[in-house]
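Q: Below is a structure I'd like to ask you about.
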Amino acid sequence: MTIEGKGMTGDDIATRGASAQIGSAPARRAVGARLIVVTLTATALAGCVVGPDYQKPFLAMPASWSGHNKATPAKPAQLSKWWQRLRDPELNTLVDEAVAGNLDVATAKAKIREARASYRQSSGALFPSVDGSGSVTRNKSAATTSGSSAIYSEYQ
């Protein structure tokens, strides 16, 4: 079977189509990408291999710790008023005046108080709450045909 004007048989077209697909750029890129993935995987796995002469390292440890009773626990540092450790009354006075007159610090303190109050208000809705209500109704109807008046009480 020949294609008109081309002079190619069906076998030629099948062979040429197969070779065109294998040699195409997307096919070559796919093969190259697979080769790179396989190479990287093999390299990564080879890095995890331990040699045949591996020995667990020996760690010399004493049978008991001898110095644990001698140390006293350290007190946390008092950094909130560190300048008072200098024992300078003039410096203490200056710092107190600066803190009292610093509007930025006062504003920051007010914003912190506001944020804390807002947080307490919003987180308060997350906790369980208890509600209660009650009502009492007492009706006295007019005399009925039997001559007695009825009293109805309803409690909720």
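If you use UniProt numbering, the sequence shown corresponds to residues 1 to 156, in order.
Positions of the beta carbon are idealized from the N, C-alpha and C atoms, including for glycine.
As the structure is a computational prediction, the values presented were derived from the model and not from experiment.
Do you know how far the Cα of S64 is from the Cα of I112?
A: Cα to Cα, I112 sits roughly 50 angstroms from S64.
Q: Contact defined as beta carbons within less than 8 angstroms: I believe V136 pairs with Y155. What is the distance between those atoms, to the nearest angstrom?
A: At roughly 6 angstroms, the Cβ-Cβ gap stays under 8 angstroms, so V136 and Y155 are in contact.
Q: Checking the sheet assignment: what are the DSSP bridge partners for T107?
A: None, per the DSSP bridge assignment.
Q: Can you tell me which residues form a DSSP beta bridge with T137?
A: Beta-bridge pairing links T137 to E154.
Q: Helix, strand or coil, according to DSSP, for Q55 in the structure here?
A: It is coil, neither helix nor strand.
Q: Is T39 helix, strand or coil when you go by DSSP?
A: T39 falls in the helix class under three-state DSSP.
Q: W82 and L91 - do their beta-carbons sit closer together than 8 angstroms?
A: No, Cβ-Cβ distance for L91 and W82 is not below 8 angstroms.
Q: So, are the CB atoms of R138 and S153 less than 8 angstroms apart?
A: A contact, by the Cβ cut-off of 8 angstroms.
Q: Going by DSSP in three states, A63 sits in which element: helix, strand or coil?
A: Coil, per DSSP.
Q: Locate the alpha helix (DSSP H) running through V50, then write down its first and last residues.
A: Per DSSP, V50 belongs to no alpha helix (DSSP H) and is neither H nor E.
Q: When the Cα atoms are used, what is the spatial distance from L45 to V37?
A: For L45 and V37, the distance between alpha carbons rounds to 12 angstroms.
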